[in-house]
């Protein structure tokens, strides 16, 4: 749970990252990118958390919207995922455009 990865300290959230195992070298950059994204979100004590998916106007996940994002990311070839593209390009595009 996210709540197990930190605690409130005088009204501010303090992350205390704990993993079941150490991060692999290749995971460190992804972790740093995650922390950068998370730190953009102001956390407020006493406010219930909620999720909003920005790929849809109403903020709810739907397969139609996910398909459209795949199509946009893969040059309208979501089934074959355009094999010439780097396998990370979809995740990077999704992260920067829709999260």
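Numbering (this note's numbering), first residue to last: -6 to 92. Just so you know, even glycine gets a beta-carbon here, dropped at the ideal spot from N, CA and C.
Please classify residue 66: is it buried, with 16 or more other beta-carbons within 10 angstroms of its beta-carbon, or exposed?
buried
From -3, 18, 22, pick the residue whose C-alpha is nearest to that of residue 8; which is it?
-3
Taking only the alpha-carbon atoms, compute the straight-line gap between residue 54 and residue 25 and give it to the nearest angstrom.
26 Å
Taking DSSP's pairing of strands, which residues face residue 7 in a bridge?
For residue 7, the beta-bridge partners assigned by DSSP are 0.
Residue 64 beta carbon less than 8 Å from that of residue 48
no
Test item: CB-CB of residue 1 and residue 38 under 8 Å:
yes
What did DSSP end up calling residue 32 once you bin it into helix, strand or coil?
coil
Which stretch, first to last residue, makes up the alpha helix (DSSP H) that contains residue 16?
Neither: residue 16 is in no alpha helix (DSSP H) and is coded neither H nor E.
What residue from 36, 56, 45, 41 has the CA that sits closest to residue 3's CA?
Across the set 36, 56, 45, 41, the C-alpha of 36 shows the shortest separation from the C-alpha of residue 3.
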